[in-house]
Amino acid sequence: MDEVGVLDAPAMVALDHLVATSSLRQKVYARGLLSLDMWARKEGGCKFAEMSSECQIALFRAAQQMYEEWTGSVPAIKKAWRRLRAITRARDGSFFAAQLYPQIRNDCLRVFYTSRVAWTWLEYDGPPMDKGYPSVVVPRER
């Protein structure tokens, strides 16, 4: 994790800034994280942070699968059934945890792809210059 902060602010600082400056994100994260805890207590008898990494990943993948199931294109009757199931899942914490999944994914991608560390790792030398690239195989001069 130390390497992430070599050229830019650490990724966690950037993520923290994204959440701190958006009331919508704050609501999604607050409800989602509390819901993950509720769900973890129901499934594993402990808080999410106390679960093993494998169990945390499994729970988060279940949230991802649930989110993708809800957002997939289906007939109207099936959408109504999904909404009904979502209401019942709000009780065990899985509903808001599933809503947290796309927010975390998008925020992490945003932080990663705007980081100079990621640019270096991907061997991306920044946005195009006004003169373009003289050669596809030779890096541009700085």
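Everything in the sequence shown is counted per our numbering, starting at 55 for the first residue and increasing by one. Backbone N, C-alpha and C fix where the C-beta goes; we use that ideal spot for every residue, glycine too.
What's the gap between the Cα of P64 and the Cα of A152?
26 Å
So, does the stretch 98-111 touch the stretch 133-140, judging by three or more C-beta pairs under 8 Å?
no
Going by other Cβ atoms of all chains shown within 10 Å of its Cβ, with 16 needed for buried, is D161 buried or exposed?
buried
Residue environment, W93, which counts as buried when at least 16 other CB atoms sit within 10 Å:
buried
Pick out whichever of K81, L88, A68 has its Cα sitting closest to the Cα of S148.
L88
So V191 is in the alpha helix (DSSP H); what residue range does that whole segment cover?
Premise fails: V191 is in no alpha helix (DSSP H) and is neither H nor E.
What does the Cβ neighbour count give for L176, buried or exposed, with the cut at 16 atoms within 10 Å?
exposed
Hey, is the stretch 109-121 in contact with the stretch 70-77, meaning 3+ C-beta pairs nearer than 8 Å?
no
To the nearest angstrom, how far is it from the Cα of E97 to the Cα of L163?
29 Å
Residue range of the alpha helix (DSSP H) that includes T168
Where T168 is concerned, there is no enclosing alpha helix (DSSP H), given that its DSSP letter is neither H nor E.
Taking the runs of the alpha helix (DSSP H) that are 4 residues or longer, which of them lie wholly in the stretch 88-155?
107-125, 130-143
Distance, Cα to Cα, V128 vs Q119?
15 Å
Would you kindly report the start and end of the unbroken alpha helix (DSSP H) that includes L69?
65-74
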